[in-house]
Amino acid sequence: AAAEAGKDEL
Amino acid sequence: MNAFRLAGDITHLISILVLLLKIYATKSCSGISLKTQELYAVVFLARYLDLFTDFISVYNSVMKVVFILSSVAIVWCMRRHRAVKRSYDKELDTFRHYYLVGACFVFALLVHEKFTFQEVFWAFSIYLEAVAIIPQLVLLQRSGNVDNLTGQYVFFLGAYRALYILNWIYRYFTEAKFSRWIACISGLVQTALYADFFYYYFLSWKNNAKLNLPA
Numbered sequence: 101a102a103a104e105a106g107k108d109e110l
Numbered sequence: 056m057n058a059f060r061l062a063g064d065i066t067h068l069i070s071i072l073v074l075l076l077k078i079y080a081t082k083s084c085s086g087i088s089l090k091t092q093e094l095y096a097v098v099f100l101a102r103y104l105d106l107f108t109d110f111i112s113v114y115n116s117v118m119k120v121v122f123i124l125s126s127v128a129i130v131w132c133m134r135r136h137r138a139v140k141r142s143y144d145k146e147l148d149t150f151r152h153y154y155l156v157g158a159c160f161v162f163a164l165l166v167h168e169k170f171t172f173q174e175v176f177w178a179f180s181i182y183l184e185a186v187a188i189i190p191q192l193v194l195l196q197r198s199g200n201v202d203n204l205t206g207q208y209v210f211f212l213g214a215y216r217a218l219y220i221l222n223w224i225y226r227y228f229t230e231a232k233f234s235r236w237i238a239c240i241s242g243l244v245q246t247a248l249y250a251d252f253f254y255y256y257f258l259s260w261k262n263n264a265k266l267n268l269p270a
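Protein sequences appear in the order of chains Z and A.
The letter at position 10 of the first sequence is residue 110 when you use our numbering, and the numbering goes up by one with no holes.
The letter at position 103 of the second sequence is residue 158 when you use our numbering, and the numbering goes up by one with no holes.
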């Protein structure tokens, strides 16, 4: 979910 | 994960370790802005709300916990630890950082990716991080000469987001649908705020002189 929402970064 | 982002995260971690070293080794937080540390604690708490809901990787979760715990520990130490608290430059660290929090939150309500609780708080944390260093830079200008560890702390803190910009450029050219305008533009603003510090830091390194920012 978070990965493609662009929240895979710190 | 790419080399730029990993280097950025490691540089960020180094900046926190340098700050912890300075406070622990010298039992002093002179030259450190408590307001900037408070803003960073808010940044990490607001950004990592997904810590328990979205698992990305062990690395991601561990780093989130490290950033939250270290930022809260530093604020606690500067507020409660007897020896450290005494060395805090209370009369110099007077930037009204609550205005920054309010302005960033209002801006996040206006500009975000999706109007959900988590996304608005994520955008808020991105905007707040961009301006969180301002009280620290103001304090450095007021306190004149800067001790080595404090200078290194600010340097690594600024360098980490510059590496993230390289990471975003790399991802833009290597990933099909990569669009992270909020983080990119905030990151550029954040790094630009360090520009004059980097300039004087480079001069002090080149001339092998003490770092002092002109008032």
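Heads up, the beta-carbon is just placed ideally off N, CA and C, and yes, glycines get one too.
Contact belief for residue i with residue j at Cβ below 8 Å, rounded distance in angstroms
{"i": "residue 182/A", "j": "residue 162/A", "result": "5 Å"}
{"i": "residue 259/A", "j": "residue 194/A", "result": "Not a contact, Cβ separation roughly 17 Å."}
{"i": "residue 170/A", "j": "residue 213/A", "result": "With a Cβ gap of about 32 Å, residue 170/A and residue 213/A do not count as contacting."}
{"i": "residue 133/A", "j": "residue 127/A", "result": "About 11 Å; that fails the 8 Å criterion."}
{"i": "residue 150/A", "j": "residue 101/A", "result": "At roughly 20 Å, the Cβ-Cβ gap does not stay under 8 Å, so residue 150/A and residue 101/A are not in contact."}
{"i": "residue 255/A", "j": "residue 248/A", "result": "About 14 Å; that fails the 8 Å criterion."}
{"i": "residue 98/A", "j": "residue 187/A", "result": "6 Å"}
{"i": "residue 106/A", "j": "residue 116/A", "result": "7 Å"}
Residue range of the alpha helix (DSSP H) that includes residue i
{"i": "residue 251/A", "result": "250-261"}
{"i": "residue 102/A", "result": "89-102"}
{"i": "residue 106/A", "result": "Where residue 106/A is concerned, there is no enclosing alpha helix (DSSP H), given that its DSSP letter is neither H nor E."}
{"i": "residue 159/A", "result": "152-165"}
{"i": "residue 208/A", "result": "203-229"}
{"i": "residue 115/A", "result": "113-135"}
{"i": "residue 184/A", "result": "172-186"}
{"i": "residue 190/A", "result": "189-198"}
For residue i, the nearest candidate out of the options (CA to CA)
{"i": "residue 58/A", "options": "231/A, 257/A, 221/A and 245/A", "result": "221/A"}
{"i": "residue 167/A", "options": "205/A, 240/A, 132/A and 123/A", "result": "240/A"}
{"i": "residue 65/A", "options": "215/A, 138/A and 231/A", "result": "215/A"}
{"i": "residue 175/A", "options": "164/A, 184/A and 185/A", "result": "164/A"}
{"i": "residue 63/A", "options": "105/A, 203/A, 246/A and 157/A", "result": "246/A"}
{"i": "residue 141/A", "options": "85/A, 243/A and 229/A", "result": "85/A"}
{"i": "residue 83/A", "options": "257/A, 227/A, 217/A and 137/A", "result": "137/A"}
{"i": "residue 70/A", "options": "93/A, 125/A, 98/A and 263/A", "result": "125/A"}
{"i": "residue 107/Z", "options": "264/A, 190/A and 119/A", "result": "119/A"}
{"i": "residue 94/A", "options": "74/A, 153/A, 202/A and 117/A", "result": "153/A"}
{"i": "residue 67/A", "options": "269/A, 123/A and 203/A", "result": "123/A"}
{"i": "residue 196/A", "options": "218/A, 159/A and 209/A", "result": "209/A"}
{"i": "residue 160/A", "options": "109/A, 184/A and 103/A", "result": "184/A"}
{"i": "residue 219/A", "options": "234/A, 243/A and 206/A", "result": "243/A"}
{"i": "residue 192/A", "options": "261/A, 92/A, 234/A and 117/A", "result": "92/A"}
Under the three-state DSSP convention, the category residue i falls into
{"i": "residue 57/A", "result": "coil"}
Chain C residues whose Cβ lies nearer than 8 Å to that of residue i
{"i": "residue 240/A", "result": "No chain C is present in this structure, whose protein chains are Z and A."}
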